[in-house]
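For the sequence shown, the numbering used here gives the first residue as 4, with consecutive numbering after it.
Taking it in order: structure first as structure tokens, then the write-up.
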Amino acid sequence: MTVREVITIGDDRLRDQARAIEKSTPEITRLIEDMIETMHVEGGVGLAASQIAELVRLILVEVPEDEEVPGSGELYVVLNPEITKTSGDEITLGVEGCLSIPGYLGEVERHAWVVVQGLDRRGKRWRKKVEGFLARVFQHEIDHTNGILYIDRLTAPERFWKEEAFEGDEVLV
């Protein structure tokens, strides 16, 4: 496993549409392993292949049960992820960060729950309804596969902060 460089805002590849994965291959398996290692080292709860300059529709999501222990949550590996159903008007507000926009946080509206489908790491069909923070992370990572960053979805320009100016639910002035 190799820790890959996470590309950051300003790199045009973050805005590119990722291509579908035809089937699971040894190369895709290696990419998944590299992504897992990279996500754990960087301290993320999700990672899209496009964030490491691999323009394929592949995401990882892992919300740790213990924030101090990377890898303590259930790991979801989804090839060709797509949202097939949403909570509609049931929207939640939340503060998001991103490994590709280091040092900043922003307030974003997301669906309270979504149904995601795609393929698992072995290429088998996969489908799951996710809610709460897990739904937020899935929506964020799927956006990456479409060249969308959370800053494109800010509730307002003034709802974007340097990380050190944000504590809990308060912006420190």
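All C-beta atoms in this analysis are idealised placements derived from N, C-alpha and C, irrespective of residue type, glycine included.
All values reported here derive from a predicted model rather than from experimental measurement.
Beta-bridge pairing of residue i - partner residues as DSSP gives them
i	result
lysine 131	Val119
isoleucine 94	His114
isoleucine 86	Val119
phenylalanine 163	Gly109
glutamate 80	The sequence shown places valine at residue 80, not glutamate. In the DSSP output, where bridge partners are listed per residue, valine 80 has Leu63.
leucine 157	Val111
glycine 49	Val64
glutamate 57	None, per the DSSP bridge assignment.
glutamate 99	Gly109
Contact set for residue i: own chain, Cβ-Cβ below 8 Å, skip 5 residues either direction
i	result
glutamate 144	Gly49, Leu50, Ala51, Ile62, Leu63, Val64, Pro84
arginine 22	Leu58, Val59, Arg60
leucine 122	Ile24, Ser27, Val81, Leu82, Asn83, Arg128, Trp129
arginine 162	Gly109, Glu110
glutamate 8	Ile55, Ala56
glycine 126	Lys26, Ser27, Leu82
Local Cβ density within 10 Å of residue i, reported as buried at 16 or more and exposed below that
i	result
isoleucine 12	exposed
methionine 4	exposed
alanine 138	buried
glycine 47	buried
arginine 33	exposed
aspartate 146	buried
threonine 158	exposed
leucine 17	buried
valine 176	Its pLDDT being 38, under 50, valine 176 is placed unreliably in this model, and the value from its coordinates should be taken loosely. That one is exposed.
Other residues of its chain near residue i: CB distance less than 6 Å, five sequence neighbours each side excluded
i	result
isoleucine 94	Glu112
glycine 114	Residue 114 is actually histidine in this sequence, not glycine. Cβ within range, chain order: Thr89, Ser90.
leucine 78	Glu65
arginine 156	Val111
valine 118	Thr87, Lys88, Lys132
isoleucine 104	Ile12
aspartate 69	Ser75
phenylalanine 169	Leu108
Whole-angstrom C-beta distance between residue j and residue i, which should lie under 8 Å
i	j	result
valine 140	valine 66	6 Å
leucine 102	glutamine 142	At roughly 16 Å, the Cβ-Cβ gap does not stay under 8 Å, so leucine 102 and glutamine 142 are not in contact.
glycine 150	aspartate 19	5 Å
arginine 124	isoleucine 35	6 Å
Own chain, CB closer than 7 Å to residue i, minus 5 neighbours either side, in chain order
i	result
valine 6	Glu40, Thr41, Val44
| field | Completely contained alpha helix (DSSP H) runs for the segment 5–45, where each covers 4 or more residues | value | Runs found: 29–45.
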